[in-house]
Amino acid sequence: MAKFAKKKDGDLPAVSTASLPDIVFMLLFFFMTVTTMKDSSLLVENTLPNASETKKLEKKDRVIYIYVGKPTQEYQKVFGTEPKIQLNDKFANVEEVGSYILAERAKKPQELQNVLTTALKVDKDANMGLIADIKQELRKVNALKVNYTTYEGDAFNNLQ
Amino acid sequence: MPRRKGAPEVNAGSMADIAFLLLIFFLVTTTIETDAGLDRMLPPMEPPEDVDVVIKQKNIFTVNINKNGQLLVEDNLMNLKDLRKAAVAFLENNGDGSCNYCKGKKDASSSDNPEKAIISLKNDRETKYKTYITVQNELVGAYNELRNREAQRLFGRDFTEMEAEFLNPETPSKVRDDLKDKVKRVQDMFPQKLSEAETTSN
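Residue numbers (the working numbering), protein chains in the order written: chain A, 4 to 163; chain B, 3 to 204.
Dropping the structure here:
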C-alpha cells in the first residue's frame, strides 16, 4: 500500500481539462473566420422600407454599400436633418459617389469587378430626388446593377 | 525550506475562461446577416445605337407618383392597392392575340403582347423613398405573379422559388444548369420592361 500512498495529492486524479482551451479556441477561430464584422458604423438613420418581392443579396464580397438617411442625433447639429449619403465611414456629397464606386471596384479582384452590385440602403423617409441623383452617378460609372435593400415584409406597411 | 519540485506548473485552468470570453465576445458582436432587397438594373448612360424605336402609346403603362405619394396610372388616380392588378391586366392584355398563354382581355387600346408591354415609372423629387419602394414592389410583384402562374403551369413550381434556387451559389451546378433554361424560358414569356424616367422637380 505504501507504494500508492506516496502520491500525496489526491487519490482520485482530476479530469484533465487541459484540452478544453483547445476546443474553445477551435470554436473561437471558427466564429472569427466565419463572421464578417460590420465594417462601418452608421452615421445615418437607417430604417429600411418593407418589400415582399425581395431577392437575397449573394456573396458579400460582391456588394458595395451606400447608405442614405438623415444624420443620427449626435450629427444633426453639424450636418442638419436633411438626408445625407454615407460612404464607408463618412458623409459624402452626391458627386463623390462615382469616385467611391470606382475606388471600391478597383479594390475587388479582377474577376469580380464585372459582377458587383450596389446595395442602396436608404432610409424610408428619404426623398427620391437624392436617390435619383445617386442613380445618375451610378449610371455615369456604369454600375448598373443596384439592389434596393429592404426588410422582408408587407410593402403596404410602409405607408402607415 | 526551499522547494525541491522545480518550477511549479503554470495553471492553465483559466485559459478556458479567457477563450470563452473571447468566444462570447465574437458571438455577440458579429451578425450573420443576409440582406435582401429589390434587384434593379439601371439603364446605361449611352443608349444602344439602334434606330429610334417607335413605341405605341398603348404599349406604355405610365405610373406617376407625386410628392404626396399619390398615384396617377394611365392618367387616372389610383389606389396603391389596385396597382398590382392593373399592371397584371396591362401586361397580359394581349391586344394582338400573339401570346397564347395570356389570359388578358384583348383590349385593343391596351398593350399588344407582353413582349411589347412597357411599364414607365416616373416620380417626383420629393416622393418619399418608401412610396417608391412600395410601387416598385407592386410592379415587380405583378411580373412575379404572371411568371409564377406560367411556371406553375409548365413546371409545377413557382418561378420565384426556381429563381432563388438558381441564384443560390450552394445549389449544385447540375441542378443549376437545368434550372437556367427553365428560368430563362419563363422570363422570356414576361420580360421585365420597367423604364424609369428621370425625376421631375416641379
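Every residue, glycine too, gets a C-beta built ideally from N, C-alpha and C.
Everything numeric in this text was worked out from a predicted model, so none of it was measured.
Determine the extent of the alpha helix (DSSP H) in which Gln154 (chain B) is found, giving its start and end residues. Tyr131 to Phe157
Let's test the definition: count the other Cβ atoms within 10 Å of the Cβ of Gly158 (chain B) and tell me whether it reaches 16, buried, or not, exposed. exposed
Are the Cβ atoms of Leu46 (chain A) and Lys93 (chain A) separated by less than 9 Å? Contact annotation: Leu46 (chain A) and Lys93 (chain A) have beta-carbon atoms nearer than 9 Å.
Leaving aside the five residues before and after Phe92 (chain B) along the sequence, list all residues of the same chain whose C-beta is less than 7 Å from its C-beta, in chain order. Phe63, Ser112, Ser113 and Ala119
According to the neighbour-count rule (16 or more other Cβ atoms, all chains shown, within 10 Å of its Cβ), is Asn115 (chain B) buried or exposed? Buried, since its Cβ has 16 or more Cβ neighbours within 10 Å.
Reference Asp109 (chain B), options B:Cys101, B:Asp41, B:Asn102 and B:Gly97, closest by Cα: B:Gly97
At what residues does the alpha helix (DSSP H) containing Tyr70 (chain A) begin and finish? Membership of Tyr70 (chain A) in any alpha helix (DSSP H) is not indicated; the residue belongs instead to the beta strand (DSSP E) covering Val66 to Gly72.
Can you give me the C-alpha to C-alpha distance between Asn204 (chain B) and Lys124 (chain B), rounded to a whole angstrom? Because Asn204 (chain B) carries a pLDDT of 48, less than 50, the predicted location of this residue cannot be relied on, and no value is offered for it.
By a C-beta neighbour count over all protein chains shown, 10 Å radius and 16 as the cutoff for buried, is Gln113 (chain A) buried or exposed? It is exposed - the Cβ of Gln113 (chain A) has fewer than 16 other Cβ atoms within 10 Å.
Taking the alpha-carbon positions, what's the Phe82 (chain A) to Pro74 (chain A) distance? 7 Å
For the ligand ADP, is there a heavy atom less than 8 Å away from the beta-carbon of Met131 (chain A)? In terms of ligand content, the structure shown is empty, and the ligand ADP therefore cannot be addressed.
Val75 (chain B) to Phe34 (chain A), Cα distance in whole Å? Rounded to the nearest whole angstrom, the CA to CA distance from Val75 (chain B) to Phe34 (chain A) is 51 Å.
Does the separation of the CB atoms of Glu48 (chain A) and Val97 (chain A) fall below 9 Å? no
Under a CB-based cut-off of 9 Å, is Asp92 (chain A) close to chain B? no
Quick check on the DSSP output: the alpha helix (DSSP H) that includes Gln139 (chain A) runs from which residue to which? For Gln139 (chain A), the uninterrupted alpha helix (DSSP H) run begins and ends at Met131 to Lys143, by DSSP.
Bounding residues of the alpha helix (DSSP H) (the contiguous stretch that carries Ser102 (chain A)): Counting along the chain, the alpha helix (DSSP H) containing Ser102 (chain A) begins and ends at Glu99 to Lys110.
With 9 Å set as the bound, which would you pick, yes or no: does the beta-carbon of Ile88 (chain A) sit closer than that to a beta-carbon of chain B? no
Looking at the structure shown, is Leu181 (chain B) part of a helix, part of a strand, or coil, going by DSSP? Correct three-state label for Leu181 (chain B): helix.
Using alpha carbons as the reference points, say which of B:Pro45, B:Ile67 and B:Pro193 lies closest to Tyr145 (chain B). Measuring C-alpha to C-alpha distances from Tyr145 (chain B) to each of B:Pro45, B:Ile67 and B:Pro193 identifies B:Pro193 as the nearest.
Can you tell me which of the three DSSP states Gln89 (chain A) falls into? It is a strand residue.
Hey, is Lys83 (chain B)'s beta-carbon within less than 9 Å of any beta-carbon in chain E? The structure shown contains no chain E; its protein chains are A and B.
Would you call the CB atoms of Ile134 (chain A) and Ile104 (chain A) closer than 9 Å? No, they are not a contact pair.
Cβ-Cβ distance between Ser197 (chain B) and Ser122 (chain B) below 9 Å: Yes, these two residues count as a Cβ contact at 9 Å.
Compile a chain-ordered list of the residues in the stretch 135 to 168 of chain B whose CB is closer than 8 Å to at least one CB of chain A. Ile135, Thr136, Gln138, Asn139, Glu140, Val142, Gly143, Asn146, Thr162, Glu165 and Ala166
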